[in-house]
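Comments concern the structure below.
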Amino acid sequence: MSLTPIVSIVDDDQQARESLAALVQSMDLEVQCYASGQEFLDNFSPDQPGCVVLDLRMPQVSGLDVLAALAERHIEVPVIMISGHGDIPAAVAAIKSGAVEFLEKPYRGSVLMDHVRGAIERDAQQRDASTERREMLKRYDTLTPDEKQVLDLTVAGKPDKAIALKLDLSLRTIQLRRASVLRKMDVRSRAELIGLAHKIDRVPAMN
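The following block contains the structure:
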C-alpha cells in the first residue's frame, strides 16, 4: 500500500467526480474515485493516508451514511463534505458526524484545494500521534503487574510513603519499582510519567 496521501473522491455524479479529480490532480496529489458510498466503504483501507471528499446526496448510501459507517468502524480519516443541496441542518449533521469541512456547490476551486491541503496535514498529524501512542502502549506492556500497580498509584498522586504503606512494602522496594517503570517507559521524571499515562489513558479513578 502506498504511503503517499491519496484523496478519495466519492460522488455518484460522473461529471462531478471527474471535475474534482482534475482539480485535485492539479495539486500533484493522487486520486481514487468511487461512484457510490458503498463502493468506497467496500474498498477503502484505514491504513491509507490522505483524506476523503464526499458528496452528501447519494442514492442508497448517503454521505451521512458513509460517515456513520466510518465512525462505527473506528476509522478516523478527514472528510470534506460537499453538497449541491446544502443547508444549515445538513451542514450541522455532517460536522457532528465527523466531517471536518462542509462545502456547498458552487464553490471556488481554491477553497476546496485549501481544505484538501488542511485535511491531509490533519491526517498526517493524527497518524503520527497514533504511531506514538502505539509505541507507548508497547512499552507499557513490558511492565510487570507489580510495576503497573506502582505506576497507577503514582499517577493517582500518591507519594512513595503512601504507596509503600498501601502495598505493605518497603519504601526502597517502591523506589526500585518506580525506577524500573521510568526506565521501561523511557521517561526521566514522575511528571513525564504522569503525562505519558494520560496519553495512553492509564489514569485511575480518584477515590
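718 is the number of the first residue of the sequence shown in the numbering used here; add one for each residue after it.
For every residue, glycine included, the Cβ atom is placed at its ideal position computed from N, Cα and C.
None of the values given here were measured: they were computed from a predicted structure.
#1: On the three-state DSSP scale, how would you describe Glu835?
#2: Among the residues of its own chain, which have a CB less than 7 Å from the CB of Arg850, if the five just before and after it don't count?
#3: Could you tell me whether any non-hydrogen atom of the ligand GTP is closer than 7 Å to the CB of Leu829?
#4: Run through DSSP, which three-state label would Leu870 get?
#5: Between Cys870 and Lys883, is the Cβ-Cβ spacing less than 8 Å?
#6: Going by the DSSP bridge assignment, what does Gly767 pair with across the sheet?
#7: Less than 8 Å between the beta carbons of Arg974 and Pro766, yes or no?
#8: Would you tell me roughly how many angstroms separate the C-alpha atoms of Tyr751 and Leu854, rounded to the nearest one?
#9: Taking only the alpha-carbon atoms, compute the straight-line gap between Asp730 and Leu737 and give it to the nearest angstrom.
#10: Hey, out of Leu781, Asp831, Glu838, whose CA is closest to Ala816's CA?
#11: Measure the CB-CB distance between Val872 and Ile911 and report whether it falls below 8 Å.
#12: How many whole angstroms separate the CB atoms of Ile799 and Leu773, which I take to be in contact at a CB cut-off of 8 Å?
#13: So, for Glu793: in the same chain, excluding its five sequence neighbours on each side, which residues have a beta-carbon less than 7 Å away from its beta-carbon?
The structure says:
#1: Position 118 of the sequence shown, counting from 1, holds the residue named residue 835. Looking at the sequence itself, residue 835 is Gly, so the reference to Glu does not match. Of the three classes helix, strand and coil, the one that applies to Gly835 here is helix, per DSSP.
#2: What you label residue 850 is simply residue 133 of the sequence shown in a count that begins at 1. Cβ within range, chain order: Lys916, Ile917.
#3: Among the ligands in the structure shown, none appear at all, so the ligand GTP cannot be discussed.
#4: Along the sequence shown, one-based indexing puts residue 870 at 153. In this structure, Leu870 counts as helix in the three-state DSSP scheme.
#5: What you label residue 870 is simply residue 153 of the sequence shown in a count that begins at 1. What you label residue 883 is simply residue 166 of the sequence shown in a count that begins at 1. In the sequence as displayed, the identity of residue 870 is Leu instead of Cys. Their beta carbons are under 8 Å apart, which means Leu870 touches Lys883 by this criterion.
#6: The residue you call residue 767 lines up with position 50 of the sequence shown. BP columns for Gly767 point to Ile723.
#7: No answer is possible for residue 974: it lies beyond the span of the chain, which begins at 718 and ends at 924.
#8: Working through the sequence shown from its first residue, we reach residue 751 at position 34. Working through the sequence shown from its first residue, we reach residue 854 at position 137. If you take the alpha carbons of Tyr751 and Leu854, they lie about 36 Å apart.
#9: The residue you call residue 730 lines up with position 13 of the sequence shown. The residue you call residue 737 lines up with position 20 of the sequence shown. Rounded to whole angstroms, Asp730 to Leu737 spans 11 Å at the Cα level.
#10: The residue you call residue 816 lines up with position 99 of the sequence shown. In terms of CA proximity to Ala816, Leu781 leads the group Leu781, Asp831, Glu838.
#11: Counted from its first residue, the sequence shown places residue 872 at position 155. Counted from its first residue, the sequence shown places residue 911 at position 194. Yes. Within cutoff.
#12: Counted from its first residue, the sequence shown places residue 799 at position 82. Counted from its first residue, the sequence shown places residue 773 at position 56. That belief holds up - the Cβ atoms of Ile799 and Leu773 are roughly 7 Å apart, short of 8 Å.
#13: Position 76 of the sequence shown, counted from the first residue, corresponds to residue 793. Only Gln843 meet the Cβ criterion.
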